[in-house]
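Going by my numbering, the sequence shown opens with residue 206, and the numbers climb by one from there.
Positions of the beta carbon are idealized from the N, C-alpha and C atoms, including for glycine.
Every value quoted in this text rests on a predicted model; they were computed, and no experiment measured them.
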Amino acid sequence: MAKYKMILDLDTGVDDALAIAYALATPECDLIGIVCSYGNVITKQAAQNSLDLLAALGRPDIPVFMGATHSSTTNHFDVMPISQTIHGMNGIGDVTLPTAKRSIEAQNGVDFYVEAAHKYQGSLLIVPTGPLTNLAAAIKKDPEIVNLIGHVTLMGGALTVPGNVNPVTEANINQDPEAANDVFRSELPLTMIGLDVTLRTLLTKKETAKWREIGTDSAISYANIVDYYIDSYKVTSPHLKGCALHDPLAVAAAVDPSLVQTIYLNMKVDTKGAYAGRTIGDEKRINDPATTTQVAVNVDSSRFVKMFMQKLSNLFKQN
Ligand code: CA
């Protein structure tokens, strides 16, 4: 039986699609739902992508919920041109998947969070790999869940390396610094999987060629989706020589924390001025006796990429 119940919170672009596949290929966790947000695409597209990917991977039974459609401090969201360059206009490398039969759930993602926290408590793992707007809204709606949720392992932020939006700001945090600050400064047991580690876990066309050899529908679709992403990295980050496995690394570290080395540090997010969106130690809580936040600063990338390829290849063979 699965040890954990997992909720993914996605702005379903290419690496979110890889996070879904990784979660489905990990028997220690039971993916109980996907909550969607805006970011790489608008929320509705993120939800449809999630449904279509789940169906393509043989799991049309998993529910998908709509979350926030814009940040906590705005009333509108437009996809940034750079997101369209990296993830394609539809978020999944402009690959067309068969439309899933299942519809988006009527229940809102924030309510699903609250319900699941009470139901599953310590066995609930939450893995947000987009803006933190939904999780911040959930802890605001029911502050008690902070003490119920087992662990939050999020992809976002940068502590020891520059940001990817500006020198101090990473893209997920940049979408809603206020929400991210609420999450970081809460007492949620939290691990930040930021650019510090995700930029060290890379995939190349050598790996996607192996998926093509598998030859199933899901393998070919994922190879096409990720090749688009690898091509965009050649333009935006030619020094990397591959694409970063941001979001699936967060799923992997949620289930197997030994993949990353962390430091314990109470964190905050700057919300205003030149440093808005910066994830940094909270000077006001630096001497607090209880530190609930860990920041990953190193990763066993060869073990992760090997595991990633094994798990996804096995999953694609079955679908
Ligand atoms: Ca994402």
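**Item:** Through-space distance from I291 to M472, alpha-carbon basis
**Value:** Locating residue 472 in the sequence shown gives position 267, where the first residue counts as 1. Locating residue 291 in the sequence shown gives position 86, where the first residue counts as 1. One C-alpha to the other measures close to 29 Å.
**Asked** For V474 versus N386, is the C-beta distance shorter than 8 Å?
**Response** Numbered from 1 along the sequence shown, position 269 holds the residue referred to as residue 474. Numbered from 1 along the sequence shown, position 181 holds the residue referred to as residue 386. Cβ atoms of V474 and N386: closer than 8 Å.
**Prompt:** Taking 7 Å as the line, does the beta carbon of T334 fall inside it for any heavy atom of ligand 1?
**Reply:** For the purposes of this step, residue 334 is taken as residue 129 along the sequence shown, with counting starting at 1. Yes; taking the cut-off as 7 Å, the Cβ of T334 has a heavy atom of ligand 1 nearer than that.
**Assigned secondary structure, R417 (DSSP; H/G/I helix, E/B strand, else coil)** = Sequence index remark: in the sequence shown, residue 417 carries index 212 (1-based). Of the three classes helix, strand and coil, the one that applies to R417 here is helix, per DSSP.
**Prompt:** Closest to T358 by CA distance: which of V269, V388, S442 is it?
**Reply:** As a working mapping, residue 358 is identified with position 153 in the sequence shown. Checked all of V269, V388, S442; the closest Cα to T358 is V388.
**Request:** Name, in chain order, the residues that DSSP records as bridge partners for P333.
**Result:** Taking the first residue of the sequence shown as 1, we reach residue 333 at position 128. Partner(s): D214.
**Request:** Give every residue of the same chain whose Cβ lies closer than 6 Å to the Cβ of Y318, excluding the five residues on either side of it in the sequence, and list them in chain order.
**Result:** In the sequence shown, the residue the question calls residue 318 occupies position 113. These residues qualify, in order along the chain: A343.
**Message:** ligand 1 and N295: does any heavy atom of the ligand fall closer than 7 Å to the residue's C-beta?
**Reply:** Counted from its first residue, the sequence shown places residue 295 at position 90. Flag unset: Cβ of N295 not near ligand 1.
**Cβ pair M211, C234 closer than 8 Å** = Here residue 211 is taken as the residue at index 6 of the sequence shown, counted from 1. Here residue 234 is taken as the residue at index 29 of the sequence shown, counted from 1. Yes, the pair counts as a contact, with Cβ atoms nearer than the cut-off.
**Request:** Report yes if the CB atom of Y435 is closer than 8 Å to the CB atom of T409, and no otherwise.
**Result:** The residue you call residue 435 lines up with position 230 of the sequence shown. The residue you call residue 409 lines up with position 204 of the sequence shown. First, the amino acid is wrong: residue 435 is Ile here, not Tyr. Yes.
**Message:** By DSSP's criteria, R483 is part of a beta bridge. Which residues make up the other side?
**Reply:** Locating residue 483 in the sequence shown gives position 278, counting from the first residue. R483 pairs with T374.
**Prompt:** Going by alpha carbons, who is nearest to V431 out of A222, A495, D422?
**Reply:** Within the sequence shown, the letter at position 226 stands for residue 431. Checking every option, the nearest Cα to that of V431 belongs to A222.
**Message:** Relative to the C-alpha of V351, which candidate in A376, N377, P453, R390 has its C-alpha closest?
**Reply:** Residue 351 sits at position 146 when you count from the first residue of the sequence shown. Looking at the Cα atoms, R390 is the closest of the given residues.
**Message:** Within 10 Å of its beta-carbon, does K446 have 16 or more other beta-carbons around it, so buried, or fewer, so exposed?
**Reply:** Locating residue 446 in the sequence shown gives position 241, counting from the first residue. The residue is exposed, with fewer than 16 neighbouring Cβ atoms inside 10 Å.
**Asked** Is it the case that the Cβ atoms of S328 and Y209 are separated by a distance below 8 Å?
**Response** Within the sequence shown, the letter at position 123 stands for residue 328. Within the sequence shown, the letter at position 4 stands for residue 209. Yes.
**Prompt:** What do you get for T304, buried or exposed, if any count of 16 or more other CB atoms within 10 angstroms of its CB means buried?
**Reply:** Here residue 304 refers to the residue found at position 99 when the sequence shown is read from its first residue. By the neighbour-count rule (16 or more Cβ atoms within 10 Å), T304 is not buried but exposed.
**Beta-carbon proximity list for V269, same chain, < 6 Å, skipping 5 on both sides** = Residue mapping note: residue 269 aligns to position 64 of the sequence shown, counting from 1. Taken in chain order, the residues that qualify are I239, A252, S255, L256, I309.
**Item:** G272 Cβ short of 7 Å to ligand 1 heavy atom set
**Value:** The count along the sequence shown starts at 1 and reaches residue 272 at position 67. Not so, every heavy atom of ligand 1 lies at least 7 Å from the Cβ.
**Request:** Could you give the DSSP three-state label for K346: helix, strand or coil?
**Result:** Here residue 346 refers to the residue found at position 141 of the sequence shown. K346 falls in the helix class under three-state DSSP.
**Asked** So, helix, strand or coil for T231, using DSSP?
**Response** As a first step, residue 231 must be located in the sequence shown, where it is residue number 26. Coil.
**Asked** Mind checking whether the beta-carbon of D220 lies closer than 7 Å to any heavy atom of ligand 1?
**Response** Within the sequence shown, the letter at position 15 stands for residue 220. The answer is yes for D220.
**Asked** Given a threshold of 16 other Cβ atoms within 10 Å of its Cβ, counted over all protein chains shown, does G263 qualify as buried or as exposed?
**Response** Within the sequence shown, the letter at position 58 stands for residue 263. Exposed.
**Item:** Distance, A261 Cα to N280 Cα
**Value:** Position 75 of the sequence shown, counted from the first residue, corresponds to residue 280. Position 56 of the sequence shown, counted from the first residue, corresponds to residue 261. Computed Cα separation, rounded: 33 Å.
**Asked** Which residues share a DSSP beta bridge with Y209?
**Response** Translated into positions along the sequence shown, residue 209 becomes position 4. Paired residue(s): C234.
**Request:** Give a yes or no on contact between the region 362-382 and the region 455-466, applying the rule of three or more CB pairs nearer than 8 Å.
**Result:** no
**Request:** Determine which residues share a DSSP beta bridge with H356 and list them.
**Result:** Residue numbering aside, residue 356 sits at position 151 when the sequence shown is read from its first letter. Paired residue(s): L330.
**Message:** Please tell me whether, using a cut-off of 7 Å, the distance from the CB of N280 to the nearest non-hydrogen atom of ligand 1 is below it.
**Reply:** Taking the sequence shown and counting its residues from 1, one reaches residue 280 at position 75. Not so, every heavy atom of ligand 1 lies at least 7 Å from the Cβ.
**K439 (DSSP reduced to helix, strand or coil)** = For the purposes of this step, residue 439 is taken as the residue at position 234 of the sequence shown. Three-state result, K439: helix.
**Asked** Between L213 and ligand 1, is the CB less than 7 Å from at least one heavy atom?
**Response** In the sequence shown, counting from the first residue as 1, residue 213 sits at position 8. No.
**Request:** Using the Cα positions of E383 and T338, report the straight-line distance between them to the nearest angstrom.
**Result:** Residue mapping note: residue 383 aligns to position 178 of the sequence shown, counting from 1. Residue mapping note: residue 338 aligns to position 133 of the sequence shown, counting from 1. Approximately 8 Å between the Cα atoms of the pair.
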